[in-house]
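Novice: Residue numbers (our numbering): 3 to 259.
Even glycine gets a Cβ: it sits at the ideal position worked out from N, Cα and C.
These numbers come from a predicted model, not from an experiment.
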Amino acid sequence: MKSQISLWTLFVLHSFNSPRKDEEGEEVVRREKEEKAVTVASDEKPEHSPKSGLFVDLYLGIGLAGLQGSSEVEGLAEVLRGEGAHVVPRRLMKKAIEEERFEDAAKYRDELKILAPHSLLKCSSDATTLGIRVQVRSVYIESRSQPLKGQFFFAYRIRITNSSQRPVQLLKRHWIVTDGNGRTENIWGVGVVGEQPVIFPKTGFEYSSACPLSTPNGRMEGDFEMKHIDKAGSSTFNVAFAPFSLSILGDDNDVLL
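#1: Quick one: grab the DSSP three-state call for S249.
#2: Counting pairs of Cβ atoms below 8 Å between the region 215-225 and the region 144-154, do you hit three or more?
#3: Whose CA, out of D181, P203, V170 and T180, lies closest to the CA of G193?
#4: How about G206 and S166: are their beta carbons less than 7 Å apart?
#5: Need the endpoints of the beta strand (DSSP E) that C125 sits in, please.
#6: Going by Cα to Cα distance, which pick from N188, D128 and A212 is closest to E263?
#7: If I follow the unbroken beta strand (DSSP E) through E174, where does it start and stop?
#8: When the Cα atoms are used, what is the spatial distance from R168 to F202?
#9: My output table needs one value for S44: the three-state DSSP class, helix, strand or coil.
#10: Measure the alpha-carbon distance for I162 versus S236 and round it to whole angstroms.
#11: Suppose you measure from the CA of I250 to the CA of S147; what does that come to, to the nearest Å?
#12: Compute the beta-carbon to beta-carbon distance between G252 and R175, rounded to the nearest angstrom, for a pair I have assumed lies under 8 Å.
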């Protein structure tokens, strides 16, 4: 017993007295703090940058504490760790702005630029081409979405206002839809919602539609092909609608136009 105690004592003393570089010690302390602060719902490492992972895992550790083992919780955690990695820094940025901590807000903004540039877009846009104004707003429809199955449903409303002096007709549409993974799809169609509306000066046309995504965020943009109808043989022209975000977080005023 004495020899065992002696050996153990020597081992402990050797461990405490061993020289260690300051930077190595700081690295060990930093890792220990991160291990205590971050509770991960799965033993597997998330496949994204350590910086973004720290934000998401910390959020999960706080929000899902005590619920590990549930397949639904683990599925949702995986969604947030992967395609929804921008969720936490965006919320933190909003909170920092509300509390006037602008330096912190700038740091979260820079984080978002790396994680998901599209997430900095608003869920609305407003653009005017040749006197034709196009306003768009999107909202997340939670009741028709199934996040655990990778199904996210967004509705959007478009208001077209003719501020010019000539009547126009909307002939075709072209959508460019980009999901959170950067996959882009081009969609062409005749008219909108089954119509090719004529829009007279100082009047407008509104309609609503929807867009499903397999990721919790994305973006849309595109243009309408129109022509003036007050003169025979008028050539067509394109009216752009500026990019807008599709996001489960939405904006501060999540209502359609």
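Specialist: Judging by the given coordinates:
#1: Taking the first residue of the sequence shown as 1, we reach residue 249 at position 247. The answer is strand: DSSP assigns S249 an E or B state.
#2: yes
#3: Against the sequence shown, residue 193 aligns to sequence position 191. Ranking the options by Cα distance to G193, first place goes to V170.
#4: Residue numbering aside, residue 206 sits at position 204 when the sequence shown is read from its first letter. Residue numbering aside, residue 166 sits at position 164 when the sequence shown is read from its first letter. Result no, Cβ atoms of G206 and S166 do not sit closer than 7 Å.
#5: Locating residue 125 in the sequence shown gives position 123, where the first residue counts as 1. It is not in any beta strand (DSSP E) - C125 carries neither H nor E in the DSSP assignment.
#6: With the chain represented from 3 up to 259, any question about residue 263 goes unanswered, as that position is not in the structure.
#7: Numbered from its first residue, the sequence shown carries residue 174 at position 172. According to the sequence provided, residue 174 is Lys. The question's Glu does not apply to it. Looking at the DSSP string, the run of the beta strand (DSSP E) that includes K174 is V170 to D181.
#8: As a working note, residue 168 is residue 166 in the sequence shown. As a working note, residue 202 is residue 200 in the sequence shown. So the two alpha carbons sit approximately 7 Å from each other.
#9: The residue you call residue 44 lines up with position 42 of the sequence shown. With a pLDDT of only 39 at S44, under the threshold of 50, the placement of this residue in the model should not be trusted, and no figure is reported.
#10: Along the sequence shown, one-based indexing puts residue 162 at 160. Along the sequence shown, one-based indexing puts residue 236 at 234. Distance between the alpha carbons of I162 and S236 is about 20 Å.
#11: Residue 250 sits at position 248 when you count from the first residue of the sequence shown. Residue 147 sits at position 145 when you count from the first residue of the sequence shown. So the alpha carbons of these two residues sit roughly 10 Å apart.
#12: Translated into positions along the sequence shown, residue 252 becomes position 250. Translated into positions along the sequence shown, residue 175 becomes position 173. About 24 Å; that fails the 8 Å criterion.
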